[in-house]
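Q: Residue -7 is where the sequence shown starts when you use our numbering, and the numbers rise one by one after that.
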Amino acid sequence: MADDAAKNLGFSKIKEKSHGQPIYKKGNKYITPDIDGHNGGVWKMANSIKNLASKATRMGTYDINLVRIGD
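Shown next as structure tokens:
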């Protein structure tokens, strides 16, 4: 499911993982599935693989269409 959703958004799966979840890349943006989904999020996005690991460094939490819905 995540693979298809990411592909539909123009992202490609890469070999690295974040918290055991796959990472997808498009240009200089990286997304990974939001496994806790507390605020209805589907994706976490950051401008580097390293920055996906922390709420303080991520760009935010996004819905299925990459509309930002939170930190």
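Where is the CB? At the ideal position from N, CA and C, for every residue including glycine.
This structure is a prediction, so every number in the text was calculated from the model and none was measured.
By alpha-carbon positions, which one of N57, V59, M37, M51 ends up nearest to Q13?
A: By one-based count along the sequence shown, residue 13 stands at place 21. Among N57, V59, M37, M51, the Cα nearest to that of Q13 belongs to M37.
Q: Note down, in chain order, each residue of its chain lying with its Cβ closer than 7 Å to the Cβ of N20, except the 5 sequence neighbours on either side.
A: Along the sequence shown, one-based indexing puts residue 20 at 28. The answer, listed in chain order, is N39.
Q: Using DSSP with H/G/I as helix, E/B as strand and the rest coil, what is K5?
A: Within the sequence shown, numbered from 1, the residue matching residue 5 stands at position 13. Correct three-state label for K5: strand.
Q: For M51, I'd like the list of residues in its chain whose CB is within less than 7 Å of its CB, leaving aside the five on either flank, ordered along the chain.
A: As a first step, residue 51 must be located in the sequence shown, where it is residue number 59. Around M51: M37, A38, N39.
Q: Assuming K49 contacts D26 (C-beta within less than 8 Å), just tell me the rounded distance between them.
A: Looking up residue 49 in the sequence shown gives position 57. Looking up residue 26 in the sequence shown gives position 34. First, the amino acid is wrong: residue 49 is Thr here, not Lys. Incorrect: roughly 15 Å between the Cβ atoms, too far for contact.
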